[in-house]
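Participant: Quick note: the sequence shown uses the numbering used here, first residue 2, plus one each step.
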Amino acid sequence: MSEHPTNGLNDVVHQRHRLGILTIAAESKRVEFGYLKEALDLTGGNLSRHLTVLVDAGLLDMEKGYDGRRPRTWVSITRAGRTALADEIAALRALVARHDD
Numbered sequence: 002m003s004e005h006p007t008n009g010l011n012d013v014v015h016q017r018h019r020l021g022i023l024t025i026a027a028e029s030k031r032v033e034f035g036y037l038k039e040a041l042d043l044t045g046g047n048l049s050r051h052l053t054v055l056v057d058a059g060l061l062d063m064e065k066g067y068d069g070r071r072p073r074t075w076v077s078i079t080r081a082g083r084t085a086l087a088d089e090i091a092a093l094r095a096l097v098a099r100h101d102d
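1. In terms of alpha-carbon separation, which member of N47, K30, E39 lies closest to Q16?
2. Rounded to the nearest angstrom, what separates L37 and E4 at their Cα positions?
3. Just to confirm, is the Cβ distance from E33 to R71 under 8 Å?
4. Can the beta-carbon of A40 be found less than 8 Å from the beta-carbon of I78?
5. How would you call R31, buried or exposed, if buried means at least 16 neighbouring beta carbons within 10 angstroms?
6. Should V14 go down as buried or exposed, given a rule of 16 or more other Cβ atoms within 10 Å for buried?
7. For the putative contact between R83 and H51, defined by C-beta atoms under 8 Å, what is the C-beta separation to the nearest angstrom?
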């Protein structure tokens, strides 16, 4: 018997906001905190928590700095993050394929 596709879902990646963060981060070299906050309709505190989980898992890198006098936080996806995102997408496709007619 083959393994069910849901066994391939990564609990760190699968949470919808973290999946959104990784997807957006994979689309560009780096992405600014404020953009993620607006795009995903999250509070600053909620976004910070999700970013911490992803950084701690090695899926994102975080860089703090200034744009002029304004403090900024940028995130970028790591190689491990790209792999985890690709694996998650493959697991989701396998799950959907089981229900396609």
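Ideal Cβ placement from N, Cα and C applies to all residues, glycine included. Quantities reported herein were computed from a predicted structural model and do not represent experimental measurements.
Facilitator: So, from the data block:
1. Translated into positions along the sequence shown, residue 16 becomes position 15. Of the candidates N47, K30, E39, the one whose C-alpha sits nearest the C-alpha of Q16 is N47.
2. Along the sequence shown, one-based indexing puts residue 37 at 36. Along the sequence shown, one-based indexing puts residue 4 at 3. The straight-line gap separating the alpha-carbon atoms of L37 and E4 is approximately 35 Å.
3. As a position in the sequence shown, residue 33 is number 32, starting the count at 1. As a position in the sequence shown, residue 71 is number 70, starting the count at 1. Using a Cβ distance threshold of 8 Å, E33 and R71 do not count as a contacting pair.
4. Here residue 40 refers to the residue found at position 39 of the sequence shown. Here residue 78 refers to the residue found at position 77 of the sequence shown. Taking C-beta atoms as the reference points, A40 and I78 fail to come closer than 8 Å.
5. Taking the sequence shown and counting its residues from 1, one reaches residue 31 at position 30. So R31 counts as exposed.
6. For the purposes of this step, residue 14 is identified with residue 13 of the sequence shown, where counting begins at 1. If you draw a 10 Å sphere on the C-beta of V14, you find 16 or more other C-beta atoms in it, and that means buried.
7. Along the sequence shown, one-based indexing puts residue 83 at 82. Along the sequence shown, one-based indexing puts residue 51 at 50. Incorrect: roughly 18 Å between the Cβ atoms, too far for contact.
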